[in-house]
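Accompanying notes for the structure given below.
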Amino acid sequence: MIERFENKIWLSSPTMHGEELEYVKEAYETNWMSTVGANINEVEKQICEKVGCKYAVALSAGTAALHMAVKLAGVKPGDMVFCSDMTFDATVNPVVYEGGIPVFIDIEYDTWNMDPIALEKAFEIYPEVKVVVVAHLYGVPGKIDEIKKVCKKHHAIIIEDAAESLGASYKGVQTGSFGDYNAISFNGNKIITGSSGGMLLTDDIVAANKVRKWSTQSREAAPWYQHEELGYNYRMSNVIAGVVRGQIPHLEEHIAQKKAIYERYKEGFKDLPVSMNPFDEENSIPNYWLSCMIIDSDAMCQQVRDDSKALYISEKGKSCPTEILETLAKYNAEGRPIWKPMHMQPIYRMNPFITRNGNGRANTNAYIESGTTDVGADIFNRGLCLPSDNKMTKEQQDIIIEIVKGCFE
């Protein structure tokens, strides 16, 4: 009989090492407690070296970095912007901060990221669009070469949301370096953390300097507080930067631990009608931030969801995300549904949504037109995120594997 975990098994919690505290203590003892200091300078330098970009601006959150990227891209009220559909809403909200209109691009099954074919179709429908926001889901790089080719053809700026994929690479190049403006996150559940914080990454020194100014309330070079354009309080604290500074040396270690978790799940589930979140094994190396699984269509029991609740009917030999997540919770283990696609979110249900077949929805709440394929909705329906905490022991993970297997009995 499987017993409930005494200590909760988390989806992905911070993993600290000790150096973090030393750098925070240094900030305290030197009295650099504000938004300037050695820790900020050092993390900007080290992340540039790791990712392979020229300039980094440490900010209060990955969302702040994305907002600054949208502003740099020149998005104005009423401008349409193509955005990854399956992502956390922080990828999309900054477009709306600047008055833009997100147009959601469906994903593809190979990587669960933006579908280049759907992106090309979107440009055929909305040729005036000049900005594309691309996210790498759960640490897996998207089809970057194909996406860049489409964007280059249509003279579009790429904003790369690498919040979940720090340390992942595509053809030997790190994510966070492929866009004109790129964002990473140090939120508490990310591969390395500052408890909060993020960065704007770019090879454009003019853009970097603009963000440094905007993020400190757009103060002008004057003896008094002079302001000639709108500013924001977005700069990273030197204290938070101390935590990030202590985490950076452990990035590869965390990735290796997360990979081991992914591989153990893959092996443990080999006899189940499920598969793990996929990636392009020939061209990309994920950071394995979250291990996810998707249930084969013919192995799904009946499941229904509204905007706040889910119900299922148990069926021998079959299961569904709701059953598995509820069962894990009973044993004190945290899993989560796959990100609910943006085009299914109440706040964005009226926004255009483009599949590789064309308009999946054009400013209507109607169901997807006959003949189209809504990949994001399908993966959301059949997929879930498994406990992926790198402090989880092999023995604990073996128990989780048995819990999931039990759902199919």
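Just add 3 to the spot in the sequence shown (first one is 1) and you have my numbering.
Beta carbons: idealized from backbone N, C-alpha and C, even for Gly.
None of the values given here were measured: they were computed from a predicted structure.
When DSSP labels each residue in this structure, what does Met395 get in the three-state scheme?
Looking at Met395 - three-state DSSP - the assignment turns out to be coil, as it is neither helix nor strand.
Within the region 194-233, ranges of the alpha helix (DSSP H) (whole runs, at least 4 residues):
Within the region 194-233, the complete alpha helix (DSSP H) runs of at least 4 residues fall at 208-217.
Spatial distance of Glu270 from Ile128 (CA atoms):
If you draw a straight line from the Cα of Glu270 to the Cα of Ile128, it comes to about 43 Å.
Contact set for Ser16: own chain, Cβ-Cβ below 8 Å, skip 5 residues either direction
Only Gly191, Asn192, Asp392, Lys394 meet the Cβ criterion.
Return the Cβ separation of Ser240 and Ser87 in integer angstroms, given the expectation that the two are a contact with Cβ distance under 8 Å.
Contact flag wrong, Cβ pair sits at about 29 Å.
If I measure Cβ to Cβ from Phe126 and keep anything under 6 Å in the same chain, skipping five residues before and after, which residues do I get?
Within the same chain, Phe126 has close Cβ partners His157.
Does the structure place the region 328-347 close enough to the region 7-15 that three or more beta carbon pairs sit under 8 Å?
The region 7-15, when compared against the region 328-347, does touch it at the 8 Å Cβ threshold.
Count the other CB atoms, across all protein chains shown, that sit within 10 Å of the CB of Gly21; report buried if there are 16 or more and exposed otherwise.
Burial is judged here by how many other beta carbons sit within 10 angstroms of a residue's own beta carbon; Gly21 has fewer than 16 and is exposed.
Which of the three DSSP states, helix, strand or coil, is assigned to Ser180?
Note: Ser180 maps to coil in three-state DSSP.
Pick helix, strand or coil for Glu2, following the three-state DSSP scheme.
Residue 2 is absent from the model: the chain starts at 4 and stops at 412.
Alpha carbon to alpha carbon, how far is Gly234 from Ile216? Give it in angstroms, no decimals.
The displayed chain sequence assigns Lys, not Ile, to residue 216. So the alpha carbons of these two residues sit roughly 8 Å apart.
Please tell me whether Ala121 and Asp113 are closer than 7 Å, where the distance is taken between their beta carbons.
For Ala121 and Asp113, no; Cβs fall outside 7 Å.
Exposed unless 16 or more other CB atoms sit within 10 angstroms - verdict on Arg7:
Exposed, since its Cβ has fewer than 16 Cβ neighbours within 10 Å.
Cys388 by DSSP, collapsed to three states: which one?
Strand, per DSSP.
Contact between the region 376-393 and the region 286-296: three or more CB pairs below 8 Å?
They touch, by the three-pair rule.
Can you tell me whether His230 is buried or exposed? The criterion is at least 16 other CB atoms within 10 Å of its CB, across all chains shown.
The residue is exposed, with fewer than 16 neighbouring Cβ atoms inside 10 Å.
Cα-Cα separation between Pro413 and Pro355, rounded to whole angstroms:
The structure shown does not extend to residue 413, since the chain is modelled only from 4 to 412, so the question has no answer here.
Same chain, Cβ closer than 8 Å to Ile5, five either side skipped, listed in chain order
Taken in chain order, the residues that qualify are Tyr334, Ile402, Glu405, Ile406, Gly409.
Which one or two residues does DSSP pair with Met303 in a beta bridge?
Paired residues: Ser322.
Completely contained alpha helix (DSSP H) runs for the region 88-125, where each covers 4 or more residues
If we require 4 residues or more, the alpha helix (DSSP H) runs fully inside the region 88-125 come out as 96-100.
Run through the DSSP bridge pairs and tell me what Leu314 is partnered with.
When DSSP reads this structure, Leu314 sits in a beta bridge with Val307.
DSSP on Met345, reduced to helix/strand/coil?
Looking at Met345 - three-state DSSP - the assignment turns out to be helix.
Please report the straight-line C-alpha distance between Ser373 and Ser180, rounded to a whole angstrom.
With a pLDDT of 39 at Ser373, under the threshold of 50, the predicted position of this residue should be treated as unreliable, though the coordinate-derived value follows. Ser373 and Ser180: Cα-Cα distance of roughly 38 Å.
Bridge partner(s) assigned by DSSP for Ala61:
Assignment of beta-bridge partners to Ala61 by DSSP yields Met202.
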